[in-house]
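Below is one structure, written out as structure tokens; the observations come after it.
6 protein chains.
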Amino acid sequence: MKMIQIIVFIFALISYTSNATSSAKDFCVANLLIPTTPSGFPCKPQSLVTANDFVFSGFVAGNTENRFRLGVTTASVQNLPGLNGLGISAARIDVGFNGTVPMHLHPDASEISIMVEGQMIVGFITPTSLFVKTINAGDVFVFPQGLLHFQVNSGSGTAVSFSAFTSSDPSMQVLDELLFGNSLQTATLQKTTLLDPQQIMKLKAVFGGSG
Amino acid sequence: MKMIQIIVFIFALISYTSNATSSAKDFCVANLLIPTTPSGFPCKPQSLVTANDFVFSGFVAGNTENRFRLGVTTASVQNLPGLNGLGISAARIDVGFNGTVPMHLHPDASEISIMVEGQMIVGFITPTSLFVKTINAGDVFVFPQGLLHFQVNSGSGTAVSFSAFTSSDPSMQVLDELLFGNSLQTATLQKTTLLDPQQIMKLKAVFGGSG
Amino acid sequence: MKMIQIIVFIFALISYTSNATSSAKDFCVANLLIPTTPSGFPCKPQSLVTANDFVFSGFVAGNTENRFRLGVTTASVQNLPGLNGLGISAARIDVGFNGTVPMHLHPDASEISIMVEGQMIVGFITPTSLFVKTINAGDVFVFPQGLLHFQVNSGSGTAVSFSAFTSSDPSMQVLDELLFGNSLQTATLQKTTLLDPQQIMKLKAVFGGSG
Amino acid sequence: MKMIQIIVFIFALISYTSNATSSAKDFCVANLLIPTTPSGFPCKPQSLVTANDFVFSGFVAGNTENRFRLGVTTASVQNLPGLNGLGISAARIDVGFNGTVPMHLHPDASEISIMVEGQMIVGFITPTSLFVKTINAGDVFVFPQGLLHFQVNSGSGTAVSFSAFTSSDPSMQVLDELLFGNSLQTATLQKTTLLDPQQIMKLKAVFGGSG
Amino acid sequence: MKMIQIIVFIFALISYTSNATSSAKDFCVANLLIPTTPSGFPCKPQSLVTANDFVFSGFVAGNTENRFRLGVTTASVQNLPGLNGLGISAARIDVGFNGTVPMHLHPDASEISIMVEGQMIVGFITPTSLFVKTINAGDVFVFPQGLLHFQVNSGSGTAVSFSAFTSSDPSMQVLDELLFGNSLQTATLQKTTLLDPQQIMKLKAVFGGSG
Amino acid sequence: MKMIQIIVFIFALISYTSNATSSAKDFCVANLLIPTTPSGFPCKPQSLVTANDFVFSGFVAGNTENRFRLGVTTASVQNLPGLNGLGISAARIDVGFNGTVPMHLHPDASEISIMVEGQMIVGFITPTSLFVKTINAGDVFVFPQGLLHFQVNSGSGTAVSFSAFTSSDPSMQVLDELLFGNSLQTATLQKTTLLDPQQIMKLKAVFGGSG
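Chains as they are written, first to last, in the numbering used here: chain A, 1 to 211; chain B, 1001 to 1211; chain C, 2001 to 2211; chain D, 3001 to 3211; chain E, 4001 to 4211; chain F, 5001 to 5211.
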């Protein structure tokens, strides 16, 4: 930790304690320097809050030069601290031609997805059903919390959508990264997924897993 | 009520009761024909749910030929029943040149606003502070729940933003309509707002109020 | 910050950390010296809690010698720390003859109001309806969360009511103070409320606003 | 069930189903004729709601001519249907000279108690502590959810307090009625409380228990 | 629907409506014949509730003669209606020698797992970490909500554990059934998971998927 | 407080502040050294979390050599910090021959009880009803939140059950300890429970109360 951070931290503590009427009235802007809690980050002193705490200015296309041709730009409590405690955040999803948002889920959030440009096949899966639709600009789709889902660019150019989530700091869990991006042993993975060892090892090589 | 609705309603009841394992697992698509509850609408039987319950296809610019040059198109549980119980919805806001989203609030929802096109001055107000920013495409702003806020088109053309709300059926309350759009007596209004009677009567004429 | 506060604060930290079984069992009395969170203040160590943490002794008539002849006395987590995390608080409202509780709202709380003395016209407003009643001692009224409401003393003497709120630290937002008590520019206010500039400037003078 | 109730009920169903935009926006007044849910009663159609749904007019002293000289008058969702879904209600407690609110608890609500007249010894109990205070008019006390508590009139006349609860329909559970007001066998009660059988039988006689 | 069910249903409606003081006080036993809501099933009339509504008597070993040698017996609101609205349920998990609880997740519940007999390797996965432990009788493990997890019998006999969930009707989602048990097209699955087509088709054959 | 604890505490603070991306994603393991909040303990930095934070290894029979022949072993956030914020915990209850779980309640949790060995009479009480059942191994019972309940070993040997609670740190409140284990004056207790003074003094002697 840099000395400057320590000073800021101590300053923040002192700022709080100097004001006996600390409160979360009207809003609770995150103090990202203090440990978070199950309900969110502690609040910045209201006297230090400015309009900038309620704005994020980099909601632009992310880099799509990768395996899935996928760019994700997130406006969460981490860069928009005014979201703290409000249970909402947003993301811009850019999917290049022939690209995809791979099979993934958000364990802590439902997602409402607004199609802005292009065309995508979207879907989510439950134990009893599969729900798939082709959507275009002007369509809105919803992925209920915790369900495995995917988006495939089915148009002739880039596809762009804006999503909002029912969490101020949602978790994005790509299935391949969960299965093949860590040290989970191939034998255990085979046993619990029935995937063939060769398949597992092939994808571990792709996603950086060992074991 | 048309006879067809009665038949659909009775059919819906029978559908439910014919399945002893009715459940809200994975999702709870709204049955809009049955009275809603504090937690949302009762769930459609899972056997009647299709992918269409999770899509809304009219998320396009609303008509801006009105006093405020404001068009609002909403994707809520009323037209996207898959949102039921998830605590999220979306709206497209179009504001014509020189137009505005007038002073308003949502008593039941925080709002995250993604600036898509043009430029707007946005702000919200608390008893102790005023927070105002000029935002452009690529900016995201948040209005905490229940706070009075406004947006003013400050650009040279139409301004467009997409908002998401922490309610599947948020209430949009325009201040002028609350104050001047009903039968609240001028004397009472004067006494509780200190507005001049002439001002009140002038705006009652605009917003259709009596009294 | 006074040195004594620093010492108390450090003492509080040490008290906590000296007890590995810190818990929020049964209750969580607010430690007002530590930053609050979206769920409320951190808890005082149970060993420091006394019966006094659950009592507030100044629930008496507030001063009504002001513009609205309104006195408000609040029992909230700020002076009754045992309320922390419980989602409830109380206020005593005294309204002098011919006085009023001006148009206001609580963005974070519903209010149940018990009429104790005198007579008041009470009301709240939604986009589609106005609900107004004249109530007397022995009547109970409810103002749902986030809705604009008002009370007018319609009796021949002082009116007194006791309210409880669904928040341990509710926000009281008087409409005039929101609109006219800060630096929001007259032009912006005119545009978003359609109030006349003269009206705005007149009330800015009353409520201390600039711009 | 009277025929009139059936007709009202069917009318209510039809009213709902005749309006495709049924909603719980702004408030959800209880329809007490339809089965309640864990989140509260289903909502009345907004078109049938009037200001009377938000008022209860019998908040007066209850009858204190009983064993404990205790009168309790409750304003809950059962007689103030506008409270539905709001998580708050109120009660007026009158305790005659030398009377008491016997040892009891509310499993589903915290209680904030405003002392209006007279003097009471109030207290609540946790496994590790006893919190007792003598309070007078102008004092506010809080009883956290689920904790055993009591009030004893310690003044020279009637004591009156107004309480609010964090439930729109709280449960009042008097310890003596739980232990001695039903058919729980004396042997079982003795074994699980260590009370003597004579004591148990004596109080069963008082509170109407058998076994 | 059998005629008897219609009669029971109408009887239930009438039972409710015949009692103007319907309430969810103390508990809300599920009426499984009426459509569920986001907060759970509507409540049975209290006059029809018996002790049997709070008991489930089949919490015994499930059949393990299947692919994974896995038996799951669930005590949920579907067979223990007293759980309604309480946000908890239980399951008994039996895993035969060399068997497994395959990779799965619960989108709506955290799980606490009590090891009763034998030995298991248990684990869950996040985007940044893998948490794996070998547990024996007398160990308790927790799987946070929505995270992919698995259990492998690593002992010399049957392994038995009892789990509780933070939902009264949790969803069990086995990854293989989600991916390979429905009509999701092989090409889409390949694109969104990078699994080889042969692997996909092989497992579709196992889990009954088409496409 | 030992010096080592101070050092650990300061280290923990520094660990947090050194990581600008502190988050509660996926889970929030309790940092038991920092004051708890109404939503639970602040989270340990994710970089310090290990699989051991999700295991408790002492879930074995507690000592039953006491008045009630009752042993309770708890797996709560205090010894299983991965439970933090998840709203669940577990306990093992051993009741010797002729023993009992005395009359008690949990003000903050519902309880689901799995009968593992032996036979018990279980019951809970509401103001209007008594629910009692004899249960055996393979039965599951539920005690709704805040209700007074008891278990009596009615078998010929030890009875064992596993319970889960809807709180990560539930409060166990034995009625006798509440009434007779503190300094509540005999006169006050007599007045609020109608128990005879001799009975009160006799049990105060047993449970260590004074007054």
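Backbone N, C-alpha and C define an ideal beta-carbon position, used for all residues, glycine too.
These numbers come from a predicted model, not from an experiment.
Taking 7 Å as the Cβ-Cβ cut-off, the stretch 90 to 122 of chain A approaches chain B at Ala90, Ser110, Ile112 and Ile114, given in chain order. Within the same chain, Ala3075, Asn3079 and Leu3080 come within 8 Å of Phe3056(D) by CB-CB distance, once the 5 residues on both sides are set aside. Spatial neighbours of Glu2111(C) in its own chain (CB-CB distance under 6 Å, excluding positions within 5 residues in sequence) are listed in chain order as Phe2143, Ser2163 and Phe2165. Between the C-alpha atoms of Pro4102(E) and Glu1065(B) there is a straight-line separation of about 58 Å. According to DSSP, Asp3094(D) shares a beta bridge with Gly3071(D) and Val3160(D). Per DSSP, the continuous alpha helix (DSSP H) segment holding Leu179(A) begins and ends at Leu175 to Phe180. Leu5130(F) sits away from Leu3086(D), with the two beta carbons spaced by 7 Å or more.
With 16 or more neighbouring CB atoms inside 10 Å of its own CB, Gly5071(F) falls in the buried class. Residues Ser4113, Val4122 and Ile4135 of the same chain have their beta carbon placed closer than 6 Å to that of Phe4141(E), with the five preceding and five following residues left out of the count. At a cut-off of 7 Å between C-beta atoms, Val2142(C) counts as an interface residue with respect to chain D. Judged by DSSP in its simplified three-state form, Ser167(A) adopts coil rather than helix or strand. Only Asn3182, Ser3183, Leu3184, Thr3188, Lys3191, Thr3192, Thr3193, Leu3194, Leu3195 and Asp3196 from the stretch 3179 to 3198 of chain D bring a Cβ to less than 7 Å from some Cβ of chain F.
The C-beta distance from Gly4155(E) to Gly4118(E) rounds to 4 Å, short enough to meet the 8 Å contact threshold. Residue-level contact by beta carbon fails for Pro4045(E) and chain B, as no gap is shorter than 7 Å.
For Val4095(E) against Asn4153(E), the beta-carbon gap comes to about 4 Å, under 8 Å, which counts as contact.
Counting C-beta atoms within 10 angstroms of its own C-beta, Thr5073(F) has 16 or more neighbours from the protein chains shown and is therefore classed as buried. Following the DSSP letters along the chain, one finds Lys5191(F) in no beta strand (DSSP E) but inside the alpha helix (DSSP H) bounded by residues Thr5186 to Thr5193. Those residues of the stretch 1066 to 1077 of chain B placed with their C-beta closer than 7 Å to a C-beta in chain D do not exist.
For Gly1138(B), at least one C-beta of chain A is nearer than 7 Å to its own C-beta. Put simply, of Thr1128(B), Phe1150(B), Gly1211(B) and Ala1205(B) the residue whose alpha carbon is nearest the alpha carbon of Gly2209(C) is Thr1128(B). Residue-level contact check: Pro2042(C) touches chain F, since one or more beta carbons of chain F fall below 7 Å from its beta carbon. Taking the CA atoms as reference points, Asn5052(F) sits about 16 Å from Ala4137(E).
Per DSSP, reduced to three states, the secondary structure at Ser4183(E) is coil, with no helix or strand assignment.
Around the beta-carbon of Pro197(A), fewer than 16 other beta-carbon atoms lie within 10 Å, marking it exposed.
Excluding sequence positions up to five before and after Asp4139(E), its CB lies within less than 7 Å of the CB of Met4115, all in the same chain and listed in chain order.
Its Cα nearest to that of Gly5082(F), the residue Phe5054(F) stands out among His5104(F), Lys5025(F) and Phe5054(F). With distances taken between CA atoms, Cys5028(F) lies nearest to Pro5045(F) out of Pro5045(F), Pro5038(F), Pro5035(F) and Phe5059(F). Exclusion of the five residues before and after Asn1098(B) leaves Arg1069 and Asn1153 as the residues of its chain whose Cβ lies within less than 8 Å of its Cβ. When secondary structure is reduced to three states using DSSP, Phe1059(B) falls in the coil class, being assigned neither helix nor strand.
With respect to chain D, the C-beta atom of Ile5135(F) has no partner C-beta closer than 7 Å.
At a cut-off of 7 Å, the C-beta of Ser5039(F) has no neighbouring C-beta in chain E.
Rounded to the nearest angstrom, the gap between the Cα atoms of Lys204(A) and Gly181(A) is 6 Å. Thr4050(E) counts as exposed, since fewer than 16 other beta carbons sit within 10 angstroms of its beta carbon. Here the alpha carbon of Phe2059(C) sits roughly 14 Å from the alpha carbon of Val2077(C). Between Phe4207(E) and Asp4176(E), the C-beta spacing is below 7 Å. Counting only Cβ-Cβ distances below 9 Å, Asp1169(B) has contacts in chain D at Ser3023, Ala3024 and Lys3025, in chain order.
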